[in-house]
Amino acid sequence: MSDRVLLEMAEARVLLHSYFAAKRTHGKPQADRFLAAQLLKLEKLYGKQSDTRIKQYMRRVKDTETFYEE
Numbered sequence: 002m003s004d005r006v007l008l009e010m011a012e013a014r015v016l017l018h019s020y021f022a023a024k025r026t027h028g029k030p031q032a033d034r035f036l037a038a039q040l041l042k043l044e045k046l047y048g049k050q051s052d053t054r055i056k057q058y059m060r061r062v063k064d065t066e067t068f069y070e071e
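Structure below.
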């Protein structure tokens, strides 16, 4: 696995936790805006289509790890 893949997977874990925390605290619309803004910043760092890859990693973490709740 390349370094970029590992870094994107780590970002997905952080974003997933942050998204659910923001959703609980501020509601879904604001959590969605937060996630979109963070993905835009990460796209500048990791390149085009990184937002799609990170979202896929977020889904994978959410589906395979039971401690994340919506």
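Per our numbering, the very first residue in the sequence shown carries number 2; after that it's consecutive. Think of the CB as a built atom: it goes at the ideal place given N, C-alpha and C, for glycine as much as any other residue. Predicted model only: the values in this text are computed from it and were never measured.
- With fewer than 16 neighbouring CB atoms inside 10 Å of its own CB, residue 66 falls in the exposed class.
- Cβ-Cβ distances below 6 Å link residue 36 to 20 in the same chain, with the five nearest sequence neighbours on each side left out; the list follows chain order.
- Sixteen is the threshold: since fewer than 16 other Cβ atoms of the shown chains lie within 10 Å of the Cβ of residue 61, the residue is exposed.
- Assignment of residue 39 by DSSP, reduced to helix, strand and coil, places it in the helix class.
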